[in-house]
Structure formats: structure tokens, C-alpha cells
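The block underneath contains the structure these notes are about, expressed in C-alpha cells.
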Amino acid sequence: MGLFDFLKKERNIKKSGIIYSPTNGEIKPICETPDQMFAKKLIGDGAIIFNSDGNIIAPFDGKVKMLFPTKHAIGLESNDGIEILIHYGINTVELKGEGFRTYVKQGDIIKTGNKLLVVDNALLESRGLITCVIIAVTYPKDIKIEMLKNGIIQQKEEIIQVIK
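Under this note's numbering, the letters of the sequence shown match residues 1029 to 1192, in that order.
What follows is the structure, encoded as C-alpha cells:
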């Protein structure tokens, strides 16, 4: 079983979905992500939010599909059937969970605004790591992403519309 095999299941997407900002910062298209795997959209289309404050909230109503053991990434599924990966920082997997505090576990039901994760940005910065939040729509693959915001954003602002 591959790391992202859970993303390959066939489902019907009920409607277009809105993704709300899980953090504060400056939003840009995912192609501006320093990590080439995300920049080339190999995981999925989406956005990056720079200058995150370390607080990550649920960007929609749904459930936690996966929580990486290193706590740097969370897979979520919306009630509309849209799956996203929220990935905190670049190369943060190397920290093995240090500096990350989670407030959910795999299988939890979430509501927009529920606290998911708090990250010690000072620790990441002291290790030379970029503090950013990457949001990649991992399922479905054949959708269109419309960026609803550009520039400075706040938590709970509509940032992405996923169109089937």
C-alpha cells in the first residue's frame, strides 16, 4: 500500500466546495511553493499560505482521514467528498513531531474552525525551516480550482472553490 493510496477510492462529489483558510498569512497559488512536489501539483492543485501564525483550524466540515505520525500533515475529507492535504512547512517531517501539537486524531469529525494543530514557528525558524501551510486538493483529480483570495488573508476566509 502506497502512502497516498487512500486517495484513490472512487466517490461521487456532491457539489462544488469551498475551502476556508486554516490560518493567517499571505496566500499564493501552489505553484509558488518552494517544495517542487507540491509546486508541480503532483499531490494536487491548491494554495500556499506564507507567514502562518502556527495555528491551524479546520477549513470545512468533514472528518480527519489521516494524521501523519510526524504531525506535520493532515488529510481531511469534506462533507462534499473533497479531500485535501494540509502540509505544514517545508522539510518539517525531519522534526519527527517536535514543535507540533495536534488537537484531533484520525477518524474525528470536524467543523469549520475547529482547532487541528498548533506549531511552534520559532522552533521551525531556528532550524532554518520555512513556516508555511500548503493546501493540496488530493481528490478528485479532475476538478478545477478557483482561487478566491490573493494576498493577506485571515482564518475562516473563503480561499478556494473546488468545482467538479
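Quick reminder that beta carbons are idealized off the backbone N, C-alpha and C, glycines included.
Self-check item: Assigned exposure category for Lys1037 - 16 Cβ within 10 Å defines buried
Solution: The count along the sequence shown starts at 1 and reaches residue 1037 at position 9. Confidence in Lys1037 is poor, its pLDDT being 47 and thus under 50, which makes the residue's placement too unreliable to answer from.
Exercise. Please state whether DSSP places Gln1189 in a helix, a strand or coil.
Key: If you number the sequence shown from 1, residue 1189 lands on position 161. Reduced to three states, the DSSP call for Gln1189 is strand.
Exercise. Label Ala1075 either buried or exposed according to how many other C-beta atoms from any shown protein chain fall within 10 Å of its C-beta, with 16 as the threshold for buried.
Key: On the sequence shown, residue 1075 is found 47 positions in, with the first residue counted as 1. The residue in question, Ala1075, is buried, as its Cβ has 16 or more Cβ neighbours within 10 Å.
Self-check item: Given 8 Å, three or more beta-carbon pairs between the stretch 1051 to 1067 and the stretch 1124 to 1139
Solution: no
Quiz item: Can the beta-carbon of Ile1084 be found closer than 9 Å to that of Val1147?
Solution: What you label residue 1084 is simply residue 56 of the sequence shown in a count that begins at 1. What you label residue 1147 is simply residue 119 of the sequence shown in a count that begins at 1. A contact, by the Cβ cut-off of 9 Å.
Quiz item: By DSSP, does Gly1110 sit in helix, in strand, or in coil?
Solution: The sequence position of residue 1110 within the sequence shown is 82, counting from 1. It should be pointed out that residue 1110 corresponds to Ile in this sequence rather than to Gly. Residue state, collapsed to three classes: coil.
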